[in-house]
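K.L.:
Below is one structure. I have some questions about it.
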Amino acid sequence: MTKDKNYDVSLVSVGTIDSELHFGPFSYEWWIVCNQEMEFLVPIRLHMKVVTHLSGHDFILTVVKGNREHFEQPGYICTCESFYTTEPSISSSNAISTVYQQMFHTKTRFSGPMIMGFDKPDICKKLLEGVLFRPYFVNLELVRVFVFGIARSENDQWGYAGVGFKSSFLFYLAKERCLFLQEFEEDVCKVTIIYKMEVEKIYCASTPNLVWERIFSEQGTKVAKLKTFTGRMLFGIENTITQRLIQTLKIPSCSLSDWNNDVLMEEVYSYHLKRRTISNVDWRKFLNKWKEQGTIIELHSNLKQLYPLDHKFSERELNAWRIMLRNIGCHDVTPFSKQDSK
Numbered sequence: 006m007t008k009d010k011n012y013d014v015s016l017v018s019v020g021t022i023d024s025e026l027h028f029g030p031f032s033y034e035w036w037i038v039c040n041q042e043m044e045f046l047v048p049i050r051l052h053m054k055v056v057t058h059l060s061g062h063d064f065i066l067t068v069v070k071g072n073r074e075h076f077e078q079p080g081y082i083c084t085c086e087s088f089y090t091t092e093p094s095i096s097s098s099n100a101i102s103t104v105y106q107q108m109f110h111t112k113t114r115f116s117g118p119m120i121m122g123f124d125k126p127d128i129c130k131k132l133l134e135g136v137l138f139r140p141y142f143v144n145l146e147l148v149r150v151f152v153f154g155i156a157r158s159e160n161d162q163w164g165y166a167g168v169g170f171k172s173s174f175l176f177y178l179a180k181e182r183c184l185f186l187q188e189f190e191e192d193v194c195k196v197t198i199i200y201k202m203e204v205e206k207i208y209c210a211s212t213p214n215l216v217w218e219r220i221f222s223e224q225g226t227k228v229a230k231l232k233t234f235t236g237r238m239l240f241g242i243e244n245t246i247t248q249r250l251i252q253t254l255k256i257p258s259c260s261l262s263d264w265n266n267d268v269l270m271e272e273v274y275s276y277h278l279k280r281r282t283i284s285n286v287d288w289r290k291f292l293n294k295w296k297e298q299g300t301i302i303e304l305h306s307n308l309k310q311l312y313p314l315d316h317k318f319s320e321r322e323l324n325a326w327r328i329m330l331r332n333i334g335c336h337d338v339t340p341f342s343k344q345d346s347k
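Here it is as structure tokens:
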């Protein structure tokens, strides 16, 4: 963002962070660079509102969900006295320029990000309050990889990234701009190709390199330019920022003496089990019963008591339980047999 003017901007409403918008498939539109020297991005918050003083008038800009081109992207509404945008604009630049031109009958255009104060450190600081992870771009020669989720594993073929790591980039397939969404799920790497909000194709393989080999094989000349990169490079994993963040992450774990630490236990549960089982399972009840009965407990029968009578355990779910138990100090947890899981 070039800084050539200093606008009088006040942030009157900080807005909210929406997990689906700011950390979902199209989240690359909801973050912005505040300073060219900064590695990490700042959120364009839903319902944030600023007042900018221009030519003796106060222009109010508000961020909403959706515009005429994309209902998952930011829309911008601008009002000034009796003048206003008739529908959410696709950019803050269009919104402010449209209303200003209506008022003064000129062709003047403004830099929307600067009009909204994204170049001002105090405004950026307020927008970052409560933000636990800031996405960033990995610049390759042909694409900009947007990394919007970070997680760790012990899998060296994944570059030690794990379930929860997410990235995306835009690339043209046969002259059509597509979104490549990249993520890890359990023991697979997944790349989803999205065109105009619709899923065109999903590829899965055991490693980032292998999944991209499948894409190269099937898409052929459409993705030939990307063949200069490995799958791990396209995922954004080999980037120095990514590796630095991964190395600072710690896989949540604790000992038996930590079971009364609710914050730590919730962190362990969220990391190891939450996404792999039903939403209302009373996992704390299971652990409390374990403590009451001592260090030895019949695992399968006690787990069954937490679930509906018709619930059938998947291998994925049982494995998640086993891994979580080992990470809270329960050792010698043996795998379930297929018969036990029925």
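Sequential numbering from 6 applies to the sequence shown in our numbering. Note that the Cβ used here is the ideal one computed from N, Cα and C, for glycine as well. Note that the coordinates shown come from a computational prediction; the quantities given were computed from them, not determined experimentally.
Beta-carbon separation of Val-56 and Ser-15 under 8 Å?
P.N.:
Yes, Cβ-Cβ distance for Val-56 and Ser-15 is below 8 Å.
K.L.:
Does the contact criterion of 3 or more C-beta pairs under 8 Å hold for the region 248-259 versus the region 152-163?
P.N.:
yes
K.L.:
Who does Val-68 pair with in a DSSP beta bridge?
P.N.:
Bridge partners of Val-68: Tyr-81.
K.L.:
From this set, Ile-22, Asp-63 and Tyr-177, which residue's C-alpha is nearest Arg-50's C-alpha?
P.N.:
Ile-22
K.L.:
Ignore the nearest five residues each way along the sequence and tell me which others in Lys-206's own chain have a CB closer than 7 Å to its CB.
P.N.:
Leaving aside the five residues that flank Lys-206 on each side, the residues in its chain whose CB is nearer than 7 Å to its CB run, in chain order, Ile-198.
K.L.:
Roughly how many whole angstroms lie between the Cα atoms of Ala-179 and Ser-222?
P.N.:
16 Å
K.L.:
State buried or exposed for Pro-93, treating a residue as buried only when at least 16 other CB atoms are found within 10 Å of its CB.
P.N.:
buried
K.L.:
If distances are taken between C-alpha atoms only, which option among Asn-244, Ala-229 and Leu-292 comes closest to Asn-265?
P.N.:
Leu-292
K.L.:
Taking three-plus beta-carbon pairs below 8 Å as touching, is the region 121-128 in contact with the region 200-215?
P.N.:
no
K.L.:
What do you get for Met-238, buried or exposed, if any count of 16 or more other CB atoms within 10 angstroms of its CB means buried?
P.N.:
buried
K.L.:
Quick one: using the 10 Å Cβ neighbour count with 16 as the cut-off for buried, is Val-150 buried or exposed?
P.N.:
Label assigned to Val-150: buried.
K.L.:
Hey, out of Lys-201, Ile-283 and Glu-188, whose CA is closest to His-316's CA?
P.N.:
Here the closest residue by C-alpha is Ile-283.
K.L.:
State the beta-bridge partners of Tyr-200 as determined by DSSP.
P.N.:
The partner list for Tyr-200 (beta bridge, DSSP) reads Glu-203.
K.L.:
Between the Cα of Ala-166 and the Cα atoms of Gln-187, Val-38 and Phe-45, which residue gives the shortest distance?
P.N.:
Gln-187
K.L.:
Do Lys-70 and Gly-80 have their beta-carbon atoms positioned less than 8 Å apart in this structure?
P.N.:
yes
K.L.:
For the candidate residues His-52, Glu-34 and Met-108, whose alpha-carbon lies nearest to that of His-75?
P.N.:
Glu-34
K.L.:
Short of 6 Å in beta carbon distance, which residues of its chain neighbour Val-17, apart from the five on each side in sequence? Order them along the chain.
P.N.:
Lys-54 and Val-56
K.L.:
Return the first residue and the last residue of the beta strand (DSSP E) that Asp-13 is part of.
P.N.:
From DSSP, the beta strand (DSSP E) with Asp-13 extends over 13-18.
K.L.:
Determine the DSSP secondary structure at Glu-188, reduced to helix, strand or coil.
P.N.:
The answer is strand: DSSP assigns Glu-188 an E or B state.
K.L.:
By how many angstroms is the C-alpha of Phe-28 removed from the C-alpha of Lys-347?
P.N.:
Low per-residue confidence applies at Lys-347: pLDDT is 44, beneath 50, and the placement is therefore not dependable, though the value from the model is reported in the following sentence. About 36 Å.
K.L.:
Output yes or no for whether 8 Å exceeds the beta carbon distance between Tyr-141 and Ile-246.
P.N.:
yes
K.L.:
To which residues of the same chain is Leu-269 closer than 8 Å at the C-beta, ignoring the five residues directly before and after it?
P.N.:
Pro-257, Cys-259 and Asp-263
K.L.:
Go through its chain and collect everything with a Cβ distance to Glu-320's Cβ below 6 Å, but skip five positions before and after it.
P.N.:
none
K.L.:
Assign Asp-315 to one of three DSSP states: helix, strand, or coil.
P.N.:
Asp-315 falls in the coil class under three-state DSSP.
K.L.:
Can you list the alpha helix (DSSP H) stretches of 4 or more residues lying completely in the region 93-161, in chain order?
P.N.:
97-109, 117-120 and 126-132
K.L.:
Output the distance between the C-alpha atoms of His-277 and Gln-162, rounded to the nearest integer angstrom.
P.N.:
20 Å
K.L.:
Can you tell me whether Gln-310 is buried or exposed, with buried defined as 16 or more other CB within 10 angstroms of its CB?
P.N.:
exposed
K.L.:
What residue from Val-47, Asn-307, Thr-233 and Asn-40 has the CA that sits closest to Gly-135's CA?
P.N.:
Here the closest residue by C-alpha is Val-47.
K.L.:
I need the straight-line Cα distance from Lys-201 to Ser-96, nearest angstrom please.
P.N.:
19 Å
K.L.:
Out of Gln-298, Arg-281 and Ser-306, point me to the one whose CA is closest to Met-329's CA.
P.N.:
Arg-281
K.L.:
How far does the beta strand (DSSP E) with Phe-176 in it reach, from first residue to last?
P.N.:
171-178
K.L.:
Once you ignore the five residues that flank Ser-102 on each side, which residues in its own chain have a CB closer than 6 Å to its CB?
P.N.:
When the five nearest sequence neighbours on each side are left out, the beta carbons in the same chain lying within less than 6 Å of the beta carbon of Ser-102 are those of Arg-114 and Phe-115, in order along the chain.
K.L.:
Look at Gly-20 and His-52 and say whether their C-beta atoms are less than 8 Å apart.
P.N.:
yes
K.L.:
Here's the rule I'm using: 16 or more other beta-carbon atoms within 10 Å means buried, otherwise exposed. How should Gly-117 be labelled?
P.N.:
Its Cβ being crowded by 16 or more others within 10 Å, Gly-117 is buried.
K.L.:
Assuming Leu-147 contacts Lys-230 (C-beta within less than 8 Å), just tell me the rounded distance between them.
P.N.:
Contact annotation, Leu-147 with Lys-230: C-beta distance approximately 6 Å; criterion of less than 8 Å satisfied.
K.L.:
Going by CA-CA distance only, name the one from Glu-203, Val-193 and Thr-233 that's closest to Leu-215.
P.N.:
Selected option, being the one with the closest Cα: Val-193.
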